[in-house]
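Protein chains in written order, with our numbering: chain A, 1 to 314; chain B, 1001 to 1418.
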């Protein structure tokens, strides 16, 4: 398949801060490509440049053959954008919102009405179409937010962390919608800091951290980078200090990495079963109460940990 | 252009769904107008309108038309409104104005009548036609409303005289060309016609005819306070509209608009149009309501319509300027409220600017309220669109200049972070 998006050395700097440091990647037509990275990694800035909202400091990208710098209006016709934060008029109904945004994309008359009805069907809000958005739950608002991005049937859809702050049921619905859209032929650039979402949706994943694309490939290609390692996750009580435990585990035999988050300690090891007893013993020595233990096979979280020394949610 | 209107209409729709904004834009000015009505005795039958405007008449012409104008100011019809004094000296009259003892002086120059009705024997001789002489209205800048009323009456008089002169000339030439009057008799026919014109105008140039009765000339104080309050709250509305630009920016809808295939000028123009629509709707509703409920006489409907559009345009310029300098919606709200209060005092929403010292009167010219009130007062006193050239021009220039400055600032800062 041809590339619908080609990014070349794209960078964005502010006076004393490099938000995106010259990233290069491409997306093939029909793919779901995820940009995976923690908050502040540069995902939204990248999307903002690609959607022509921000002007790149250097580099360029072409979308559907059009340069984002030289021909932004042509790019805007190709892309649809679902921003991270809700961008809706809460005092308008869902239908009124869709009609207004459809008009901004040049739709009108019967074609607009038909498309609005289709989208309402697609996001499952036909029954509540005439309610004001401010009366909706967070998940419903997210669905309208997505619906706006779909109105003009874009070839390439940018979805910037569309599941942040919503309930599991709505999250499931959104992930299913993304898969459905992709099945219908839409290419999707999906940004997230949830490893599970990237793993479930993506044909390929780009891992971004501190404005740099530090890894790129299919899940298999990426997990091979960390080798055949397991991730052991210790969940500790709220009043415990996971950082102290992580520090004490570093350098122990068969422990490659040990990092702490708020109530967890993540340990990268070639074989989780081999270190289980010694880890529990170490925790007991320090008087740290372990609530539960998870053993995970190589995944994108481990890749991120391996590449950065930090957990994705750090 | 379609998108521009769609954005404007969307903003208008959102305004009508914002109960808090509606309360402030419509209910508050309405209640304040009622309060002012009670305070001023408007609802209890008291009459506290503008009256006894001191005016000096210097009639150097001493002939038909000059006398007609002088008589007009001394007429019974204007006896409540005007307090005329006759003088023979233009210098004395000007000194009285400069010493703030009168609102205006009308100096009717020698030869005024002859410049309109040529002397016998010179009627049809183009080479001997006298040069047009003009009536001078010397106004007191500290009494703009009263001076404006005097000027409006003189303008109306001159306008009618000029109409009569032109129609008279046209008639004579037409009669000569059709052979109904031979050139030898044309002179006497013309004299007769002009005399009739003078006589006709003598009776036609009255405020009674212009304002449908002498009662209409009595200035209804609500015709001053109602627009004053409407214009004050118009300042709130334009800052509310400006705030919506920044609220859309922080709420994400403005960036979303910029991502859509919509040009920046359409987005900004649409937002400006939205503010304009809101202002027109607000002032229009207030005027309609006060007309129906309080029988406020706003005056000439065409003049009112044009003045509303111009006043809202001028105020929108201020709204855009405040928005361009602010970084958050809260800043616009705070600044907008402060400016609303300052402008309403400075512009004369509560106290006529005629009572202000000269410096404040000069400063009031930066407010759309002062210009708007000037226009509304003129209309309420029987003026028409042609009497509104100055306030309408000032408001349009104000709006255009402020909008231009705002666009420069927006361009420099970017509508959204770049």
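The beta carbon of each residue, even a glycine, is placed where N, CA and C say it ideally should be.
In this text the structure is predicted, and so the values were computed from the model without any measurement.
Below 8 Å on the Cβ atoms is my guess for residue 1265 (chain B) versus residue 1395 (chain B); work out the distance and round it to an integer in Å.
Not really, about 23 Å apart at Cβ, beyond 8 Å.
Using the rule of at least 16 other Cβ atoms within 10 Å of the residue's Cβ for burial, across every protein chain shown, is residue 1143 (chain B) buried or exposed?
buried
Quick check: what's the CA-CA separation for residue 1399 (chain B) versus residue 1243 (chain B)?
18 Å
Rounding to the nearest angstrom, what Cα-Cα distance links residue 1137 (chain B) and residue 1016 (chain B) in this structure?
46 Å
Residue 87 (chain A): contacting residues in chain B (beta-carbon distance under 8 Å):
Result: 1251, 1252, 1253, 1255 and 1256.
Fully enclosed by the region 1273-1361 of chain B, which alpha helix (DSSP H) runs are 4 residues long or longer?
1301-1325 and 1329-1346
Who are the Cβ neighbours of residue 1302 (chain B) in its own chain at under 7 Å, not counting the five residues just before and after it?
1385
For residue 145 (chain A), which beta-bridge partners are listed by DSSP?
DSSP lists no partner for residue 145 (chain A).
Check the Cβ-Cβ distances between residue 1259 (chain B) and every residue of chain A, and say whether any is below 9 Å.
Chain A, which has a Cβ nearer than 9 Å to the Cβ of residue 1259 (chain B), makes this yes.
Roughly how many angstroms lie between the CA atoms of residue 206 (chain A) and residue 3 (chain A), to the nearest whole one?
16 Å
Taking beta-carbon pairs under 7 Å, can you tell me which members of the region 102-115 of chain A lie near chain B?
103, 104, 105 and 106
Alpha helix (DSSP H) runs contained entirely in the region 233-305 of chain A, provided each spans 4 or more residues
242-249 and 272-285
CA-CA distance, residue 120 (chain A) and residue 165 (chain A)?
22 Å
What does residue 1006 (chain B) reach in chain A if we use C-beta pairs closer than 9 Å?
100, 103 and 104
To the nearest whole angstrom, what separates the beta carbons of residue 1275 (chain B) and residue 1319 (chain B), a pair I think is in contact under 8 Å?
5 Å
Please list, in chain order, all residues of the same chain as residue 305 (chain A) whose beta carbon is under 7 Å from its beta carbon, the five residues on each side excluded.
257, 259, 266, 268 and 311
Under 9 Å, do residue 1233 (chain B) and residue 1028 (chain B) count as touching if we go by C-beta distance?
Going by C-beta atoms, residue 1233 (chain B) is nearer than 9 Å to residue 1028 (chain B).
Identify the continuous beta strand (DSSP E) that holds residue 1059 (chain B) and give its terminal residues.
Secondary structure note for residue 1059 (chain B): its beta strand (DSSP E) is the uninterrupted segment 1053-1059.
Could you give the distance in angstroms between the alpha-carbon of residue 298 (chain A) and the alpha-carbon of residue 1412 (chain B)?
50 Å
At a CB-CB cut-off below 8 Å, which residues of chain A make contact with residue 1262 (chain B)?
104
Run the CB neighbour count on residue 154 (chain A), radius 10 Å, all protein chains shown included, and call it buried at 16 or more, exposed below.
Buried.
Which residues in chain A have a C-beta closer than 9 Å to the C-beta of residue 1155 (chain B)? List them in chain order.
Residue 1155 (chain B) does not reach chain A, its nearest Cβ partner there being about 48 Å away, counting only Cβ pairs nearer than 9 Å.
Using alpha carbons as the reference points, say which of A:53, A:188 and A:67 lies closest to residue 1263 (chain B).
A:53
Helix, strand or coil for residue 1076 (chain B) per DSSP?
coil
With a Cβ-Cβ cutoff of 9 Å, do residue 1271 (chain B) and residue 1052 (chain B) count as a contact?
Cβ atoms of residue 1271 (chain B) and residue 1052 (chain B): not closer than 9 Å.
Looking at chain B, which residues of the region 59-81 of chain A have a Cβ within less than 7 Å of any of its Cβ atoms?
73, 76, 77 and 81
Scan the region 43-116 of chain A and note each continuous beta strand (DSSP E) run of 3 residues or more that stays entirely inside, going in chain order.
If we require 3 residues or more, the beta strand (DSSP E) runs fully inside the region 43-116 of chain A come out as 58-63 and 79-82.
Contact set for residue 92 (chain A): own chain, Cβ-Cβ below 8 Å, skip 5 residues either direction:
100, 132 and 133
Straight-line Cα distance separating residue 1231 (chain B) from residue 1283 (chain B):
7 Å
Assuming residue 20 (chain A) contacts residue 12 (chain A) (C-beta within less than 8 Å), just tell me the rounded distance between them.
4 Å
Determine whether the beta carbon atoms of residue 35 (chain A) and residue 192 (chain A) lie at a separation below 9 Å.
yes
So for residue 1104 (chain B), helix, strand or coil by DSSP?
strand
Whole angstroms are fine: how far does the CA of residue 1241 (chain B) sit from the CA of residue 60 (chain A)?
36 Å
Under 8 Å from the C-beta of residue 1003 (chain B): neighbouring residues of chain A
103 and 104
State buried or exposed for residue 114 (chain A), treating a residue as buried only when at least 16 other CB atoms are found within 10 Å of its CB.
exposed
Measure from the alpha carbon of residue 1107 (chain B) to the alpha carbon of each residue in B:1235, B:1278, B:1229 and B:1056, then state which is nearest.
B:1056 is the residue among B:1235, B:1278, B:1229 and B:1056 whose C-alpha sits nearest the C-alpha of residue 1107 (chain B).
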